[in-house]
Every structure is written in structure tokens, then in C-alpha cells.
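Just so we're aligned, residue 3 is where the sequence shown starts under the numbering used here, counting upward by one. Backbone N, C-alpha and C define an ideal beta-carbon position, used for all residues, glycine too. Since the model is a prediction, treat every value here as computed from it, not as a measurement. These notes are about the structure you will find just below.
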Amino acid sequence: MSDFEQWDDPQLEADLWRLYRDFFDKAERKRRWCIQTDIPWIDCNKKLNPAIADIVESFCVVELYLPDYLRNAIPKSRPSRARSWFYANWGYEESKHSLALGDWLVHSGMRSESQIADIASQTFQYPWQVPHESLIAMVAYTMVQERATALTYRNLRHRVHDDRGDPALEHLLMRLAVDEQAHYSFFREFMQLFLKRDRDGSLEHLRRVMHTFAMPALHLLADSSQRIAQIKEFRIFDEELYFRDVYLPILESLGVERSEMKNRVSQPKSAPVGVGF
Ligand SMILES: [Fe+2]
Ligand SMILES: [Fe+2]
Numbered sequence: 003m004s005d006f007e008q009w010d011d012p013q014l015e016a017d018l019w020r021l022y023r024d025f026f027d028k029a030e031r032k033r034r035w036c037i038q039t040d041i042p043w044i045d046c047n048k049k050l051n052p053a054i055a056d057i058v059e060s061f062c063v064v065e066l067y068l069p070d071y072l073r074n075a076i077p078k079s080r081p082s083r084a085r086s087w088f089y090a091n092w093g094y095e096e097s098k099h100s101l102a103l104g105d106w107l108v109h110s111g112m113r114s115e116s117q118i119a120d121i122a123s124q125t126f127q128y129p130w131q132v133p134h135e136s137l138i139a140m141v142a143y144t145m146v147q148e149r150a151t152a153l154t155y156r157n158l159r160h161r162v163h164d165d166r167g168d169p170a171l172e173h174l175l176m177r178l179a180v181d182e183q184a185h186y187s188f189f190r191e192f193m194q195l196f197l198k199r200d201r202d203g204s205l206e207h208l209r210r211v212m213h214t215f216a217m218p219a220l221h222l223l224a225d226s227s228q229r230i231a232q233i234k235e236f237r238i239f240d241e242e243l244y245f246r247d248v249y250l251p252i253l254e255s256l257g258v259e260r261s262e263m264k265n266r267v268s269q270p271k272s273a274p275v276g277v278g279f
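Here is the structure:
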């Protein structure tokens, strides 16, 4: 039995339920937004650099893999009301992200409705597989991925602003970054519960996840190497940004020393840097 099903600590469930209620109540009060009415679609810039639209499309693809993320997360969360309720809410929020990015691609004239439908259908041809078979590792993985995604949307918003600007896309990317940062905070606090219960065991998972991290799903597409090259060229996300803005801040906020991240079997010679994609 994997630790996904081993959910027999009432204190852990109670602590996670409290985290979930805080997360949900705060989202209801401060973070809900409406795709149709909160984004100034009228201000789409039809003259934006087409390379930026390609990058928006790439992240729309990552968000379109939602069925695979939920297919793995929801059934395994059955023993925990806190985990089940969280994933139901998380899935709703993530579902808005691909919708909104797709809507921008159409409103801006960069893609047609049928092109968006083609992209969505491609994601069903190549399913995404969970990268880790342990709950603790998957909580660590999602924590890192959420932080990386928040950063990605922030960086993309800066590139849009520096290019020719697009108030609709900039506003949308700001909303997405706020959502992703809230998801990151939830998973980080979840990880902290594991560290409190079993620091050494949790650090083993954290080390493995953070030293091999790759963004989900992007490598599954036929043209993935071009997409990844574009994301790096525009300095949206790369190995250096991962180390500086994801790896180090996560360790600091978890209260984990870099010395604790050294592999006990073989010590890395240089600073550990995630793969990035
Ligand atoms: Fe998202
Ligand atoms: Fe997210």
C-alpha cells in the first residue's frame, strides 16, 4: 500500500483540514474572479510579438493537462476529506486558467477557435504520468511546480509589458500568478506538516523532487523542444531562474538548510539545480 492510502493520523487530517478551510475561505473572500467580466478583453493588443502568443499557447497546453492531474489526485485522496475538498477546489481554479489563456489567444486574433480545439485534443493523445509514486513526493513536486508556474506567469507579464504591452493579457497573467502563488502556499504548508511529523523521511523526498524537477507535460508535445527553447530565450523560466527564484526561496520558507539537501549517499560537487523542463 502506498502512502497515498495510508492516511491514518487524525491529527494530520485535522491540521490539513484547517489549512484547507483557511485556503478556501480566503479564496472566496479575496481571490475569486470572472473570466468574462474581470479581464479587459477590449484592450487586447493585436500587434503583440507572435512569439509571446506561442509562449501563452505553451502554458495553455500545460494547464490543459488538468484531467491527468486530477485523474491521479482525486481517487487517491478518498481517505481524506481535506485532500478531496482541496483538489475539488484546486481543479476548479486550474480549469479557469486554460480557459482564460485560450480566450486571450482567440480575442487577440493570434489563434482561431478551431486551433484551440486542436491543441486541446492533442493533450488527450499523450497522457501525462505522475512523476512520483509517493504522496509526500507528490506534495513536494506540486509545491515546486506551483511556485515555478507563479514565477513563469509573473515573468511573462513583464515580457509582455516590455514588448508592446497588452492590458488584457497583463491583467490575466497577474490573476493567474496570484492563484498559483496561493496554491504554492497551500502545498508548502502541507509539506511543513510532513516535515514536522518526520523530518528525515520528508527531506529524502524533498531532495529527490527538487534535484530532478521538470515542468509537467510540456515535453509531451511533438514540438516541445521549440517551445522550451522559446521559454528560455525570453527568460520566462530556465535553470538559473529555477535555482534563484524557486529552489532557494522554498528552502528558506520551509526552514531547510542547504546542507540538509545534500544527498547522504553521494555528495553533489556543485549547487544542485533542477532540470527545469
Ligand atoms: Fe494554473
Ligand atoms: Fe496552480
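Check: Whole-angstrom distance between Tyr-143 and Leu-256, CA atom to CA atom; Outcome: 14 Å
Check: Pairwise C-alpha distance: Phe-215 and Arg-166; Outcome: 33 Å
Check: Spatial distance of Gln-124 from Ser-116 (CA atoms); Outcome: 12 Å
Check: Contact shell at 5 Å, judged by CB to any heavy atom of ligand 4, ordered along the chain; Outcome: With respect to ligand 4, the structure offers nothing, as its ligand set consists of ligand 1 and ligand 2.
Check: Any non-hydrogen atom of ligand 1 within 7 Å of Leu-178 CB; Outcome: yes
Check: Range covered by the alpha helix (DSSP H) that runs through Lys-198; Outcome: 169-199
Check: Beta-carbon separation (whole angstroms), Ser-97 vs Tyr-89, contact threshold 8 Å; Outcome: Not quite, the Cβ-Cβ distance comes to about 12 Å (not below 8 Å), so this is no contact.
Check: Gly-104, buried or exposed, once every other Cβ within 10 Å from all chains shown has been counted against 16; Outcome: buried
Check: Buried or exposed by the 16-neighbour rule on C-beta atoms within 10 Å, applied to Gly-276; Outcome: Confidence in Gly-276 is poor, its pLDDT being 43 and thus under 50, which makes the residue's placement unreliable; the coordinate value appears in the next sentence. Buried, by the Cβ-count rule.
Check: Nonlocal neighbours in the same chain, by C-beta distance under 8 Å from Phe-192, ignoring five residues either side; Outcome: Leu-18, Leu-21, Val-141 and Met-145
Check: Exposed unless 16 or more other CB atoms sit within 10 angstroms - verdict on Asn-265; Outcome: exposed
Check: The stretch 180-199 / the stretch 25-43 touching (three or more Cβ pairs under 8 Å); Outcome: yes
Check: Option in Ile-230, Leu-253 and Arg-31 with minimal Cα separation from Arg-209; Outcome: Leu-253
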